[in-house]
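Numbering (the numbering used here), first residue to last: -6 to 151.
Heads up, the beta-carbon is just placed ideally off N, CA and C, and yes, glycines get one too.
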Amino acid sequence: MTWSFTPDRPIYLQIQEELKLSIVSGSYPPGEKLPAVRDLALEAAVNPNTVQRALTELERDGLVYAQRTSGRFVTEDTEVIEKTKNDLAMDLVGAFLEKMAAIGYGRTETAALINGFSAHKAMMAQGGQPSGLQSQISALPEREDAEKEGGTDTYGDS
């Protein structure tokens, strides 16, 4: 995992968010043991107390649990993981809609733009030729390409 922190928010929150994303995306599947606090701290180049605080918050959220002397593990409760995933998705959608409103798009216009994007992807899959905005959209990487390379696409899917 590559760690990159911004100065605008506490580091423990950023660590918590990264670990949460790794859990909901399946990088750390249900029941898997997490790296030790000291290992995570070394990897992230932060104080172990900072990592401990992030993990404590994840425990409080029910995403991880501690076993005495064995370490911390990802919950096996897939409903908790799915709920967290949906909550994160709703936050992203809300932020997206706010940004679209800030540039003058209403919900109907935004929905039309999204539908146009979906139609464009379908047209390109059938060998159609892009023009204007469609050519900009076609320059974005396809999800299938990201999966073949084992990475994630521009939209955060894996």
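Determine the DSSP secondary structure at residue i, reduced to helix, strand or coil.
i           : result
residue 119 : coil
residue 138 : Because residue 138 sits at a pLDDT of 41, beneath the cut-off of 50, its placement in the model cannot be relied upon, and the point is left open.
One question on the structure: do residue i and residue j come within less than 9 Å of each other, judged by their Cβ atoms?
i          : j           : result
residue 8  : residue 37  : yes
residue 23 : residue 62  : no
residue 64 : residue 13  : no
residue 44 : residue 5   : yes
residue 85 : residue 100 : no
residue 47 : residue 40  : no
residue 20 : residue -6  : yes
Span of the beta strand (DSSP E) holding residue i?
i          : result
residue 65 : 64 to 67
At what residues does the alpha helix (DSSP H) containing residue i begin and finish?
i          : result
residue 57 : Segment 57 to 60 is the beta strand (DSSP E) holding residue 57; no alpha helix (DSSP H) there.
residue 30 : 30 to 37
residue 72 : 71 to 95
residue 42 : 41 to 54
residue 25 : Looking at the DSSP string, residue 25 is not in any alpha helix (DSSP H), and its letter there is neither H nor E.
Among the options, whose alpha-carbon lies nearest the alpha-carbon of residue i?
i          : options        : result
residue 15 : 46, 98 and 77  : 77
residue 75 : 54, 87 and 104 : 54
Buried or exposed for residue i, please, with buried defined as at least 16 other CB atoms from any protein chain shown within 10 angstroms of its CB.
i          : result
residue 3  : exposed
residue 11 : buried
residue 51 : buried
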